[in-house]
Amino acid sequence: MTPGSALLVGGSSEIGMAVLLRLLGPAPRRVVLAGRPSDELWRNAERLRTVGYSVSTTEYDAGLTVEEIDGRLDHLAAEDPLDLVIVAVGSLASKSFAEGVVVNGLGVSLLLRALVHRGTEQIVLLSSAAAVRPRQAIAAYSLGKQLADSTARLLARQTAETGVRVLVVRPGFVSTRMTAGLPVPALSTSPEHVARRVASAVDGRRTVVWVPWILGIAVRVLNLVPRRLLPVDLR
Amino acid sequence: MMLDAPRTQDLAGWGRTVHRTTQVRRPTFDTALVEAVLAEPKITVRGAGRSYGDAALPGAGIVLDMTCRDRIVSFDEGTGVLVVEAGALLKDVIDLTLPSGWKLPVVPGTERVTVGGAIASDVHGKNHPGAGSFGQHVHWLALLRSDAAIVQLSAGLDADAFWATVGGMGLTGVILRAALQLERVDTGWVIRNRRRTRSLDETLEAMRAISVRQELDPDRHAIAWLDGHAHGRTLGRGIVDEFYGASTLDLPTAVPPFPETRITGTRRRRSLPGPGIVSRATIAAASTARWHAGRSMNSQVLPLRTALSPLDRVEAWPAAFGRRGLVQYQFAVPPEGSGVLREVLVYLGTHGMTPALTTLKNLGFGTAGPLSFSIPGWTLAVDLPARWLHRLDALRPLDKLVASAGGRVYLAKDSVTDPELVPRMYPRIWSWQHTQQRLDPIGRWTSGLAERLGLLP
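And the structure:
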């Protein structure tokens, strides 16, 4: 069967692109990159075009309403259905607490629900370890990711018996443009490593994957330790 | 099909500094247009010819004149969505829609530009801080590519091609049709508040205060006319006009909500022989008289179209500059680059280039178009007789000033910019070039501007 379109929401994301390239399969295939207009978004589109994919870009904003999300998805799926969607929306640099929660959480949750209702075959949410281990220093980001992560897991349970599959990816620190200049902690990883782990989790039909795998255990252990005993940057 | 056969014509930019004798085709039907596109290796797309320089003049090849494709396809009075052929003038759109209470959200200084030209130049109005530029009100556009395929572009699908076409100076293909979102208005009148200022600092302060209001109200317009002849402590003095839409309550009862404004003057005036009537003496006299005559005054009611399109009342303006024509130098600088405005005025004054017309506007947020002109800050436009620019590089020091302040010149009006500075002024040009090459891999589209500035990949 000819695959439908693939959509990357957060089309300028480095991790998103690495995962997309790993899951896309051979060209030709129709790919849509959605995101705020930016050089990165358009550079990524050119990268895919040069290797033979048929690429469209679309403006996408985390502040869209439910009706706007539906309208946008109708538009994107007009030619052929979306069967692979990677949601790589996230920002550590939001202007306000409210915007941070909306961008990382509410907007993503609404999008995930819309995608599930449309029967998208495979949805991959790039969540974060911060969704399980919220930190004071990145409170809005953590809370947003927590909301998106929970929504995705609920939807995964709800659609377990249907053809829709939802995968939640929880990377720790990934060295990308977004984290450039930040001190690199232990267990840091790369976009390519995330992509490899995602590909094997998709094949294994899993619901949650940690990158690196040890991070899941580390976070659970860390959650047992009283916060006041931890160094400030881990609280 | 006689109408579609090529004709030899002498064409000029609006400023009349550049002339070209060239083959022009005016294909009325889609089939003839496609034939013309496939037959010609090099094509320059032209609208109403209101670009001051060589943006719509050919470097090589023929010119496609799109003004015959000027049909209003549909207008939904419920939603304000207008579908129009790209050759239609903004004037035609306003004539049709204003009486029913809808207006174009962005109108430049003249209504006599085509819709396609307004998109290709991503023109701005005097309300940019609130309304943005023209391209931000385009739902979709139909583009004829160089391989004769017609594609529909929007910010929703193929956003990079859409934003490369908005502000893309007609170099991505032929814009055939566009759907525009119009804006409701209560009346066809505006209220003008006028303030006379005595120095550049005072002018900038007045404009800054208005820009705060403009950001909150997309229908609030502002422009400052500066006395180009003033110098020393009075440098930059001028008249600051602020307009906002009048409601029916603001109008006397006898006044109809939509005035019958017909902006007259459609005939092309020939250039005056010799140097024209614009000279240092006439500029000095006219500027001084205008400043003294322009008293501060509030709450004057004016027809919207008269207020927004002053250029249409002075159709003969370029003709007044004589055979050599006029150069309009317009640039934008970020808010912190206001010092550049002073330096430019001082430079022009000390080099004997007193502008015949100097206008200052506020700019708000930019657009996603890599070649779109607007950046947040200020834009200053000066009209100079071309005969004063004895050397082509007379304004090059200004290019450097503008570029080093993070600013840029307006490509739609350019005829003198230093090509080497274009990538500094438009740092995302590489992104535009990528998309342009995708849309036109065989390099069919061209223009004098593109060749002079090396815009194409």
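Going down the list, the protein sequences come from chains U and D. Just so we're on the same page, our numbering is the position in the first sequence counted from 1, plus 805. Just so we're on the same page, our numbering is the position in the second sequence counted from 1, plus 124. Virtual Cβ for every residue (Gly too), placed ideally from N, Cα, C. Every value quoted in this text rests on a predicted model; they were computed, and no experiment measured them.
Closer than 9 Å at the beta carbon, the chain D residues around W1018 of chain U: The premise fails here: W1018 of chain U is roughly 37 Å from chain D at the closest Cβ pair, so nothing lies under 9 Å.
message: Using a Cβ-Cβ cutoff of less than 7 Å, which residues in the same chain neighbour P342 of chain D once the five nearest sequence positions on both sides are dropped?
response: P229, N251, G254, A255, listed in sequence order.
- prompt: Listed from N- to C-terminal order along the chain, which residues in the region 869–887 of chain U have their beta-carbon within a distance smaller than 8 Å of any beta-carbon of chain D?
  reply: Correct list: R877, H880, L881.
- prompt: With a Cβ-Cβ cutoff of 8 Å, do R511 of chain D and G360 of chain D count as a contact?
  reply: No.
- request: Pull up the CB-CB distance for A345 of chain D and F367 of chain D, whole angstroms please, since I reckon it's below 8 Å.
  value: Strictly speaking, residue 345 of chain D in this sequence is His, with Ala absent from that position. 4 Å between Cβ atoms; contact.
task: With DSSP as the reference, label L228 of chain D as helix, strand or coil.
output: Coil at L228 of chain D, not helix or strand.
query: Is V979 of chain U helix, strand or coil when you go by DSSP?
result: DSSP places V979 of chain U in the strand class (E or B) of the three-state scheme.
field: Sub-8 Å separation of S403 of chain D and T311 of chain D beta-carbons
entry: Taking the C-beta atoms as reference points, T311 of chain D is found no nearer than 8 Å to S403 of chain D.
- request: Using only alpha-carbon positions, find the residue among D:G171, D:F258, D:A272 that is nearest to W287 of chain D.
  value: Answer by Cα proximity: D:F258.
- request: Report the option in D:V231, D:N317, D:A285 whose CA atom is closest to the CA atom of H558 of chain D.
  value: Shortest Cα-Cα distance from H558 of chain D to any of D:V231, D:N317, D:A285 involves D:A285.
task: Report buried or exposed for W569 of chain D, applying the criterion of at least 16 other Cβ atoms within 10 angstroms of its Cβ.
output: Buried is the call here.
field: For V379 of chain D and S896 of chain U, the rounded distance between their alpha carbons
entry: Each residue's Cα considered, the two are about 53 Å apart.
- prompt: Can you find a heavy atom of the ligand SAH that lies under 7 Å from the Cβ of I566 of chain D?
  reply: In terms of ligand content, the structure shown is empty, and the ligand SAH therefore cannot be addressed.
- request: Can you have a look at V837 of chain U and say buried or exposed, based on whether 16 or more other CB atoms are within 10 angstroms of its CB?
  value: Label assigned to V837 of chain U: buried.
- prompt: Between E819 of chain U and the rest of its own chain, which residues show a CB-CB distance below 7 Å, the 5 nearest in sequence each way excluded?
  reply: T981, R982, P996, listed in sequence order.
field: Rounded distance between the beta-carbons of F382 of chain D and P521 of chain D, thought under 8 Å
entry: Contact between P521 of chain D and F382 of chain D fails: their C-beta atoms lie close to 48 Å from each other, not under 8 Å.
message: Taking its Cβ as the centre, do 16 or more other Cβ atoms sit within 10 Å of M126 of chain D, making it buried, or is it exposed?
response: At M126 of chain D the pLDDT is 47, less than 50, meaning the model places this residue with poor confidence and gives no usable figure here.
query: Within 8 Å (strictly less), CB to CB, does R552 of chain D reach chain U?
result: Yes, R552 of chain D lies at the interface with chain U (some Cβ there is under 8 Å from its Cβ).
task: Would you mind sorting V913 of chain U into buried or exposed? The rule is 16 or more other CB atoms within 10 Å of its CB.
output: Classification for V913 of chain U: buried.
field: Alpha-carbon to alpha-carbon, G809 of chain U and V262 of chain D
entry: About 29 Å.
Neighbour flag for W1015 of chain U against chain D, beta carbons, 8 Å: Put simply, the CB of W1015 of chain U is far from chain D, with every gap to its CB atoms at 8 Å or more.
task: Count the other CB atoms, across all protein chains shown, that sit within 10 Å of the CB of F153 of chain D; report buried if there are 16 or more and exposed otherwise.
output: With fewer than 16 other Cβ atoms inside 10 Å of its own Cβ, F153 of chain D counts as exposed.
field: 8 Å CB neighbourhood of F902 of chain U in its chain, flanking five on each side removed
entry: Leaving aside the five residues that flank F902 of chain U on each side, the residues in its chain whose CB is nearer than 8 Å to its CB run, in chain order, A944, A945.
query: Hey, out of D:G177, D:A156, D:P581, D:L340, whose CA is closest to L508 of chain D's CA?
result: The residue with the shortest Cα to Cα distance from L508 of chain D is D:G177.
Beta carbon of V231 of chain D nearer than 8 Å to that of L214 of chain D: Contact: yes.
query: Of all the residues that make up the region 807–840 of chain U, which are near chain D by a beta-carbon distance shorter than 7 Å?
result: Under the 7 Å Cβ criterion, the region 807–840 of chain U contributes no residue.
query: What are the boundary residues of the beta strand (DSSP E) that includes I315 of chain D?
result: Annotation: the continuous beta strand (DSSP E) that includes I315 of chain D extends over 313–321.
- prompt: Would a C-beta distance cut-off of 8 Å place S817 of chain U and E851 of chain U closer than the cut-off?
  reply: Not closer than 8 Å, so no.
Contact set between the region 280–300 of chain D and chain U, restricted to residues whose Cβ is under 7 Å from the partner: Contact residues of the region 280–300 of chain D toward chain U are G280, L281, D282, A283, D284, W287 (C-beta to C-beta distance below 7 Å).
query: Near E84 of chain D, what residues of its chain come up, given a Cβ to Cβ distance below 6 Å and the 5 sequence neighbours on each side ignored?
result: Given that chain D is displayed from residue 125 to residue 581, the structure contains no residue 84 of chain D and the question cannot be resolved.
- request: Go to M549 of chain D, then tell me how far its beta strand (DSSP E) extends in each direction, as first and last residue.
  value: Annotation: M549 of chain D is outside any beta strand (DSSP E); the continuous alpha helix (DSSP H) that includes it extends over 546–549.
- request: Name, in chain order, the residues that DSSP records as bridge partners for H143 of chain D.
  value: Its beta-bridge partners are D:A136.
field: Segment contact, 8 Å Cβ cut-off, at least three pairs: the region 879–897 of chain U with the region 926–937 of chain U
entry: Between the region 879–897 of chain U and the region 926–937 of chain U, the count of Cβ pairs shorter than 8 Å is three or higher; the stretches touch.
field: Strand pairing of H514 of chain D, partner residues [DSSP]
entry: Residue pairing of H514 of chain D in beta bridges, as defined by DSSP: absent, with no partner found.
task: Count the other CB atoms, across all protein chains shown, that sit within 10 Å of the CB of D542 of chain D; report buried if there are 16 or more and exposed otherwise.
output: Per the 10 Å Cβ criterion, buried.
Distance CB(S420 of chain D)-CB(R562 of chain D) smaller than 8 Å: For S420 of chain D and R562 of chain D, no; Cβs fall outside 8 Å.
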